[in-house]
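First residue of the sequence shown: 1, per the UniProt record's numbering; consecutive thereafter.
Shown next, in structure tokens, is the structure this report addresses.
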Amino acid sequence: MAKTRPHLKPVEAPAAAPGPDDAALLALLAQGLRLQSTEGLWRVSGNTLPHRVLLREAGGTWNRLDQCWDFTGEDPTARLAAALEAAPSPATGHNSGETEAPKPHYHGHRGRVRERVMKAGVEPLADYELLELLLFYSIERIDTKPMAKALLERFGTLGDVFAAEPAQLREFEIDQRTLVHFKAMREVGRRLAERKVKDMPVLTNWQQLIDYCHAALAHEKTEQFRILFLDRKNVLIADEVQQRGTIDHTPVYPREVVKRALALNAAALILVHNHPSGDPKPSRDDIEMTREIKTASEALGITIHDHLVIGRKGHASFRSLGLL
1 MAKTRPHLKP
11 VEAPAAAPGP
21 DDAALLALLA
31 QGLRLQSTEG
41 LWRVSGNTLP
51 HRVLLREAGG
61 TWNRLDQCWD
71 FTGEDPTARL
81 AAALEAAPSP
91 ATGHNSGETE
101 APKPHYHGHR
111 GRVRERVMKA
121 GVEPLADYEL
131 LELLLFYSIE
141 RIDTKPMAKA
151 LLERFGTLGD
161 VFAAEPAQLR
171 EFEIDQRTLV
181 HFKAMREVGR
191 RLAERKVKDM
201 PVLTNWQQLI
211 DYCHAALAHE
221 KTEQFRILFL
231 DRKNVLIADE
241 VQQRGTIDHT
251 PVYPREVVKR
261 ALALNAAALI
271 LVHNHPSGDP
281 KPSRDDIEMT
291 REIKTASEAL
301 GITIHDHLVI
311 GRKGHASFRS
321 LGLL
């Protein structure tokens, strides 16, 4: 390989002029738009709000889940760049002379709902209105009332909406932000119910205990077996999930229940599990398992106050049914 002479300075080749595709892509970038492609799908993200009409007229579809505009078929880069070049500059100020776009039918609705809540509170709101209000804070620029009604029609109750699986909610174009919002709302409800039974004698606050168990378990999609550990004054020491199972079965081991009760120095237990089917009627297996735990616990001086079965349709108490 020939060496360059020391006294000669290498001459750099002139940079190639950008091709038509590169120029179109640069035009998009200049407007804050980023374009990505994958398997025949083209996605435009970034500063899309000022250009939403242009993007829609160019054949794009708004993807609320991924917060971008989707294009199918041919690469839209060139036609988007041409549309941007032909589009008039955004008008600003009162004297722009441009006619404002017609406002959607729900324009100002969110403000009216908030004003109504501030005057009358949230108690008068129907379930769909309350869900609509919550959706205001995770979904922007759309009318959320139809979505709220559709979600309640599909799942039944607010609790069932908040507990729905992500795959089910995706059918309603629920994005990640709203999914996180739902999970947070469900946990808020559980913690508020928990505060009413924590550090209190649960046997004298029985309805609050039932409410708490419903908040924690009524909308679970698989069975959970929980234990409420009580001290000698029947004050709640701990609430723990002992086992998780399938949609209709949870394996429970009496030895593990007693072992944990001794570790916490518990004097009494309340057993709780849920039926995802919604029907709280105890099964034969539930009855047999409860008898085994009762025998193992009482041999060590630990009392079983009750076994509660929680379903969306209500609850069943072993003690009230004469099964304990």
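From the three backbone atoms N, C-alpha and C, an ideal C-beta is built for every residue, glycine too.
8 Å Cβ cutoff met for L264 and F225: no
For L25, collect the residues of the same chain with a Cβ closer than 8 Å to its Cβ; drop the 5 residues on either side in sequence, then sort them by chain order. L35, T77, A81
Thinking C-alpha only, which one of R177, H219, R232, G314 is nearest V202? R232
Where I174 falls: helix, strand or coil (DSSP): coil
Selection from I227, E123, P276, S37 that minimises the alpha carbon distance to P266: In the sequence as displayed, the identity of residue 266 is Ala instead of Pro. Of the candidates I227, E123, P276, S37, the one whose C-alpha sits nearest the C-alpha of A266 is I227.
Collapsed DSSP secondary structure at S283 in the structure displayed: coil
Taking buried to mean at least 16 other C-beta atoms within 10 Å of its own C-beta, is M289 buried or exposed? buried
Rounded separation between A58 and E74 - CA only: 12 Å
Taking the DSSP output, what are the residues bridged to A309? Note that residue 309 corresponds to Val in the displayed sequence, not to Ala. The partner list for V309 (beta bridge, DSSP) reads H273, A316.
Whole angstroms is fine: what's the gap from R195's alpha carbon to R244's? 24 Å
Pull up the CB-CB distance for S277 and G311, whole angstroms please, since I reckon it's below 8 Å. 7 Å
Reference I142; option with closest CA among Q31, L84, M200, N63: N63
Residue 327: buried (16+ other C-beta within 10 angstroms of its C-beta) or exposed? Because the chain in this structure spans residues 1 to 324, residue 327 falls outside the shown range and cannot be described.
Could you name the residues of the same chain whose beta carbon sits closer than 8 Å to that of A316, not counting the 5 residues immediately before and after it, in chain order? P280, K281, P282, L308, V309
Please report the distance separating the alpha-carbon of D66 from that of V252. 42 Å
Would the stretch 120–129 and the stretch 164–175 be scored as touching if the rule is three or more Cβ pairs under 8 Å? no
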